Structures are given as C-alpha cells and as structure tokens.
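A.B. asks: First residue of the sequence shown: 0, per numbering that gives the first Met the number 0; consecutive thereafter. Don't be surprised by glycine CBs; every beta carbon is placed ideally from N, CA and C. Keep in mind it's a predicted model, so treat the numbers as computed, not measured. Let me begin by handing over the structure; questions about it come next.
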Amino acid sequence: MSGGAHTAVATVAGHEVCTDHWIGGERVPSPERFDVITPIDGSVIAEVAAGGEREADLAVRAAHEAAAGWAGLGAAGRAALLHRLADLIDANVERLAAVECADMAMLLESLRLRVIHRAAANFRNYADLAVAYEERDWHSKGTWNRVQRMPAGPAAVITPWNAPFMLSTWKVAPALAAGCPVVLKPAEWSPLSCSLLAELTRAAGFPPGVFNVLQGVGEQVGAALVGHPLLRRISFTGSPETARHIGVAAARNLVPFTGELGGKGPLIVFDDADLDAAAAKAAGQYDDAGQVCLAGTRLLVQESIREPFLERFHAAVDRHVLGDPREPETTVSPLIHPDHLERVDGFVQRAIAAGDTLVRGGRRLEGLLYEPTLFEPRSNDAEIVQREVFGPVLTFQTFADEEEAVALANSTQYGLSGIVYTGSMGRADRVGRAVRAGIVWVNTFLVRDLTAPFGGVGISGIGREGGNYALDFYSDLKTLQVLDGSVR
Ligand code: NAD
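In structure tokens form, the structure reads like this:
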C-alpha cells in the first residue's frame with residue numbers, strides 16, 4: 000500500500016483505465032493506493048485507490064439517494080438503459096478483453112469471443128425478464144389479491160478475482176433491472192475491468208449514484224461496505240470463509256444476502272459413457288488454470304474403465320499449451336498472483352508429504368505458470384480431495400458402482416456443481432437427482448440458461464440467483480388485498 004502521489008489513470012494493454020472509485024457519477028480518489036500486477040509477467044500495471052469507511056459511506060449514500068428515482072423509472076425505463084449498456088459492452092469488447100486479459104490472465108480469445116459478450120447478455124436478459132415479470136393475481140376469502148414487487152433499495156455486490164467482468168455483471172444486471180442501485184466492490188487482484196464498466200454506465204446515460212464502484216482491499220473497504228446500515232441487499236461471490244464474515248455483517252443489520260461460494264465438483268464417468276468426450280472434458284478442467292468455481296476437480300471413474308480413461312485423459316492433457324494468455328494457441332494461463340501460486344503449491348506439497356500419489360505435474364514453471372497436476376489420493380479424507388485448491392490440480396479416484404459414485408460425489412462439504420458422463424438416460428436421472436449440488440451437467444459442462452436458478456448447497460452457497468430468482472432476491476414482495484365490491 001502506498002500513500003501520497005499517485006496516477007489516477009493507468010495505461011493497460013494500450014488502453015486507459017481510471018483507477019479511482021466511481022461514486023455518485025464522479026471519480027473519487029483515496030489517499031491510499033494499492034498495486035495491481037499482471038499475471039503475464041508479474042509487473043505492476045496500475046495503482047488503484049484503496050477505499051475505506053469514508054468511501055464506503057459515500058458510495059452507499061449515493062446509491063441510497065438514487066434509489067427512489069431509479070425505482071420510479073419502472074422496469075421498462077430501466078430496461079432501455081440496460082440495453083444501451085449491453086450494446087456499449089459489445090461495442091467495447093476489444094478494450095474490455097485486453098484489459099481483463101492483462102489484469103487476470105484469462106485467455107484473450109475466450110474473452111473476445113465469449114466471455115465479454117456473455118456479460119452484455121446478462122444485461123439484456125435481465126432487462127427483458129424484469130419487464131416480463133408477472134405480478135400474480137388471485138381471489139380468496141372475498142378479496143382480490145396481488146403480489147407486488149418493490150425494489151429493495153441499495154445493493155452491495157462483492158465479486159472475486161476470477162472472471163471479474165462477467166461475474167460482476169451476472170449480479171449487477173438483476174439488481175439494476177429489479178430497481179436497486181448498486182455499489183460494486185471488485186476483487187483487489189483484478190479490479191480494472193469493473194472501472195471500465197463504470198465508464199460505460201456513464202456513456203449509457205445512467206443517473207448518478209445508480210451504479211458505483213468501490214475499489215480496495217476486502218477486509219477494509221469490503222467490510223465497511225457490508226456493515227453499512229443503509230444497504231438493503233448484499234450479493235457476494237467468493238470463498239466460504241469470506242461469506243461467513245459477510246453473513247455476520249448482514250445479520251447485524253438484518254439484511255438478506257446471497258453467497259455463491261467455492262466448489263469441489265465431481266466429474267463422474269461411467270463405463271457406458273463416450274470415453275473420448277469424457278476424457279477431453281476432464282482435461283478441460285485445467286482451462287483458466289483451474290481457477291473456476293464450477294470445475295469438476297474430482298475425477299471419479301468407474302473401475303472397469305480406469306486404464307482406457309487415463310490413457311485418453313493423459314493424451315488430452317498433453318495437448319494443453321501453457322503460456323501467455325494473449326497467444327491464441329495457449330490453453331492454460333498463469334495463475335492470478337504470486338500469493339495464489341504459493342497457496343496452490345502448498346496444497347500440492349502437503350499432498351505429496353501426506354503420501355498421496357502424484358500422477359502427473361506438481362511443478363512450478365516459468366513466472367506464474369503451474370503444471371496441470373493430478374493426484375491419486377491415499378484416501379477420500381485427504382485434504383487434496385476435501386478442500387478447494389482453485390488451481391490446475393485434479394484428483395483421480397475409482398468406484399465400483401452407481402451407489403459408490405454418488406457416495407464419493409457427496410462426500411465433501413461443498414455442493415456447487417457436478418458433471419456426469421453416461422450413455423443412459425435412467426442413470427443420468429438417478430445420479431443427477433442424487434448428487435447434492437446447485438447444478439448437475441450430463442455429458443456437457445458450463446452450458447448455462449440465464450433463467451435457471453444458480454447457487455450452491457452446503458458451504459458452496461446460500462440463496463439462489465439467476466432468472467426470476469435473482470429478481471425476487473433484489474425485491475421486497477408485498478401482498479395487496481382489496482375487499483371485493485369495495486372499489487370501482
Ligand atoms: P474471497 O472470498 O477472498 O474474496 C471475494 C471478494 O470478497 C473480494 O472482492 C474481496 O476483496 C472481498 N472481501 C474479502 N474480505 C471481505 C470482508 N471481510 N468483507 C467484505 N468483502 C470482503 O474470494 P476470492 O479469492 O476472490 O475468489 C475465489 C473464491 O471465489 C473461490 O472459493 C471460488 O470458488 C469462489 N467463486 C465462486 C463462484 C460461484 O459462482 N459460486 C464464482 C467464482 C468464484
């Protein structure tokens with residue numbers, strides 16, 4: 000952390016990014032700054048404003064003041080602005096992708112072709128859903144009843160460092176569509192693309208205070224934000240450990256919160272599956288250097304196909320190209336930060352020391368690159384099986400039958416996602432039902448319908464977002480009851 004002189008604008012991958020907060024429609028500096036490095040070569044690319052209580056208070060007050068006007072626009076009025084924002088995101092794909100790639104080392108091609116457009120789709124989708132949202136009417140006990148949706152008020156959105164732009168918009172879009180002004184706190188390891196989002200909201204014509212960005216360290220500005228008494232909702236994506244702190248702050252002010260948290264998903268392969276497809280998808284769990292909450296990091300493979308599966312899996316992993324995320328041939332990029340590399344390597348070294356079998360990988364490479372790593376654990380209780388690594392580290396275990404597969408799948412405290420490979424509809428249905436998770440994919444992965452509920456069970460999440468579930472979360476539902484015959 001540094002004080003004094005600072006640069007409020009950084010040039011990142013050739014693009015200018017403002018590194019101050021965005022509060023009430025204005026850039027606001029802080030006396031303290033923190034360094035942001037690029038995982039590509041470890042150099043400092045920006046000095047970003049480090050907010051605290053003062054900035055959190057300013058931002059929540061700005062959102063509070065904007066709340067009545069934003070609610071008063073109605074769903075259709077807000078939708079027009081959200082569509083304009085979506086168009087601006089699409090028009091700025093190259094800039095957003097380049098900055099995000101420099102900031103967190105997600106593959107540039109993937110950002111340009113898929114991820115940034117998906118962020119625009121979040122705004123379009125929720126704009127349309129909010130307009131189409133139907134208030135329920137019915138007759139009962141001599142009265143006419145209607146459920147009405149009231150915007151809840153200022154919402155805090157706190158996001159993690161992986162896929163920062165897409166994950167932030169996934170939460171910001173429903174909050175804004177439902178009528179809640181937002182204070183977004185992106186993660187300190189990758190805060191830059193969210194600053195560009197602020198700029199785009201200005202270009203789209205959003206009223207001041209409707210969208211605010213607070214920069215800074217989670218334990219400081221994040222904690223000040225979630226403890227603010229004027230907040231009416233908190234939506235968090237990150238680790239279960241941080242969610243516990245946020246839950247305590249939410250409880251103090253009796254503010255509803257949702258948490259989309261960590262995962263340790265199973266990828267289950269049955270002997271009736273398309274083995275080539277299953278092995279390729281298993282090797283694909285190293286994409287984004289395994290920094291994906293939904294990844295199937297525990298490979299559970301039927302004993303009878305152990306060898307043919309492993310042969311195909313190793314061949315597919317051998318095809319990965321580790322390197323610079325800006326190069327189109329790269330498939331596995333560097334880890335986000337030196338501290339995260341230490342964390343990932345710590346898991347690997349402890350697993351080796353504990354007697355888990357290192358099947359492949361396990362080494363640091365140049366810079367922040369880490370070899371795709373596979374362990375065959377000594378037991379299902381091993382730390383490497385039970386705890387989220389959030390890096391390119393998978394485990395391999397075999398099972399005899401469906402019952403054992405489900406028991407292993409459900410044997411951690413997590414429950415975010417599951418992946419099943421099978422050629423049988425009956426098995427897809429049985430195992431899909433039995434796996435405890437917010438989503439189970441069969442013979443596919445990461446395909447998401449934006450109207451579906453999203454969240455986790457166990458320590459993987461609390462509450463649901465996605466589709467109308469998110470609009471309900473950002474709303475206060477009210478029942479209006481009118482005595483029959485009393486009005487004309
Ligand atoms: P993290 O919990 O360390 O931080 C997440 C955010 O919380 C950051 O913005 C951070 O600054 C902020 N924060 C930290 N302490 C805070 C506090 N006391 N009060 C308020 N805010 C605080 O998580 P991370 O390391 O950034 O992200 C990785 C985790 O996120 C993994 O567990 C991963 O699985 C999870 N994740 C989940 C999903 C999902 O949809 N379920 C998606 C992506 C990532």
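From what residue to what residue does the alpha helix (DSSP H) around Leu488 run?
C.D. replies: Absent from the structure is residue 488, since the part of the chain shown begins at 0 and ends at 487.
A.B. asks: For Lys184, which three-state DSSP category applies?
C.D. replies: Reading the sequence shown from its first residue, position 185 is the one you call residue 184. DSSP places Lys184 in strand when its eight states are reduced to three.
A.B. asks: What are the complete beta strand (DSSP E) segments, minimum 3 residues, inside the stretch 181–234?
C.D. replies: Counting only runs of 3 or more, we get 181–184, 210–212.
A.B. asks: By Cβ distance, which residues of its chain are closer than 6 angstroms to Val156, with the 5 residues on each side in sequence left out?
C.D. replies: Within the sequence shown, numbered from 1, the residue matching residue 156 stands at position 157. Closer than 6 angstroms at the Cβ level, and outside the excluded window around Val156, lie Lys170, Val171, Val181, Leu183, Ser234.
A.B. asks: On the DSSP bridge assignment, give the partners of Val300 in chain order.
C.D. replies: The count along the sequence shown starts at 1 and reaches residue 300 at position 301. DSSP lists Val268, Thr397 as partners of Val300.
A.B. asks: Leaving aside the five residues before and after Asp19 along the sequence, list all residues of the same chain whose C-beta is less than 7 angstroms from its C-beta, in chain order.
C.D. replies: To locate residue 19, count along the sequence shown from 1; it is residue 20. Correct list, in chain order: Ala7, Arg26, Val27, Pro28, Ala48.
A.B. asks: Once DSSP output is grouped into helix, strand and coil, what is the label at Asp323?
C.D. replies: Taking the first residue of the sequence shown as 1, we reach residue 323 at position 324. In the structure shown, Asp323 sits in coil (DSSP, three-state: anything other than H, G, I, E or B).
A.B. asks: Please list the terminal residues of the continuous beta strand (DSSP E) segment that includes Met424.
C.D. replies: Numbered from its first residue, the sequence shown carries residue 424 at position 425. Looking at the DSSP string, Met424 is not in any beta strand (DSSP E); the run it does join, the alpha helix (DSSP H), is 424–433.
A.B. asks: Verify whether the separation of the beta carbon atoms of Leu368 and Pro337 is less than 8 angstroms.
C.D. replies: By one-based count along the sequence shown, residue 368 stands at place 369. By one-based count along the sequence shown, residue 337 stands at place 338. No, the Cβ-Cβ distance between Leu368 and Pro337 is not below 8 angstroms.
A.B. asks: How about the stretch 278–293 and the stretch 249–257: do they share at least three Cβ pairs that are nearer than 8 angstroms?
C.D. replies: Cβ pair count under 8 angstroms is below three, so no.
A.B. asks: Looking at the strands, I want to know which residues DSSP matches up with Glu273.
C.D. replies: Position 274 of the sequence shown, counted from the first residue, corresponds to residue 273. First, the amino acid is wrong: residue 273 is Asp here, not Glu. Partner(s): none; Asp273 has no beta bridge.
A.B. asks: What would DSSP say about Cys17, mapped onto helix, strand or coil?
C.D. replies: If you number the sequence shown from 1, residue 17 lands on position 18. Residue state, collapsed to three classes: strand.
A.B. asks: Let me know the secondary structure DSSP gives His339 once reduced to three states.
C.D. replies: As a working note, residue 339 is residue 340 in the sequence shown. The answer is helix: DSSP assigns His339 an H, G or I state.
A.B. asks: May I have the straight-line CA-CA distance separating Thr158 from Asn121, to the nearest angstrom?
C.D. replies: Counted from its first residue, the sequence shown places residue 158 at position 159. Counted from its first residue, the sequence shown places residue 121 at position 122. Going by the C-alpha atoms only, they are around 15 angstroms apart.
A.B. asks: Return the residue from the list Val98, Thr37, Pro163 that minimises the CA-CA distance to Gly13.
C.D. replies: Within the sequence shown, residue 13 is the residue found at index 14, counting from 1. When only C-alpha atoms are compared, the closest one is Val98.
A.B. asks: Taking buried to mean at least 16 other C-beta atoms within 10 Å of its own C-beta, is Trp21 buried or exposed?
C.D. replies: Along the sequence shown, one-based indexing puts residue 21 at 22. Per the 10 Å Cβ criterion, buried.
A.B. asks: What does the alpha-carbon distance come out to for the pair Leu81 and Ala176?
C.D. replies: Sequence index remark: in the sequence shown, residue 81 carries index 82 (1-based). Sequence index remark: in the sequence shown, residue 176 carries index 177 (1-based). Approximately 8 angstroms between the Cα atoms of the pair.
A.B. asks: With burial defined as no fewer than 16 other Cβ atoms inside 10 Å of the residue's Cβ, what is the status of Trp160: buried or exposed?
C.D. replies: By one-based count along the sequence shown, residue 160 stands at place 161. Label assigned to Trp160: buried.
A.B. asks: Measuring straight from C-alpha to C-alpha, what distance separates Val552 and Ser194?
C.D. replies: With the chain running from 0 to 487 in the structure shown, residue 552 is simply not present.
A.B. asks: Is Leu166 near the ligand SAH, judged by its Cβ being under 7 angstroms from some heavy atom?
C.D. replies: No copy of the ligand SAH occurs in the structure displayed; its ligands are the ligand NAD alone.
A.B. asks: Mapping the DSSP letters down to three states, classify Arg447 as helix, strand or coil.
C.D. replies: Position 448 of the sequence shown, counting from 1, holds the residue named residue 447. Coil.
A.B. asks: Out of Gly437, Gly466, Ser459, state which residue places its alpha-carbon closest to the alpha-carbon of Asp448.
C.D. replies: The sequence position of residue 448 within the sequence shown is 449, counting from 1. The option with the nearest alpha carbon to Asp448 is Gly466.
A.B. asks: When you compare each of Ala90, Trp143, Arg145, His138 to Ala118 by their alpha carbons, which one comes out closest?
C.D. replies: Counting from one through the sequence shown, the residue named residue 118 turns up at place 119. Answer by Cα proximity: Ala90.
A.B. asks: Evaluate contact between the stretch 264–273 and the stretch 292–299, counting only Cβ atoms and requiring at least three cross-stretch pairs below 8 angstroms.
C.D. replies: Segments in contact, yes.
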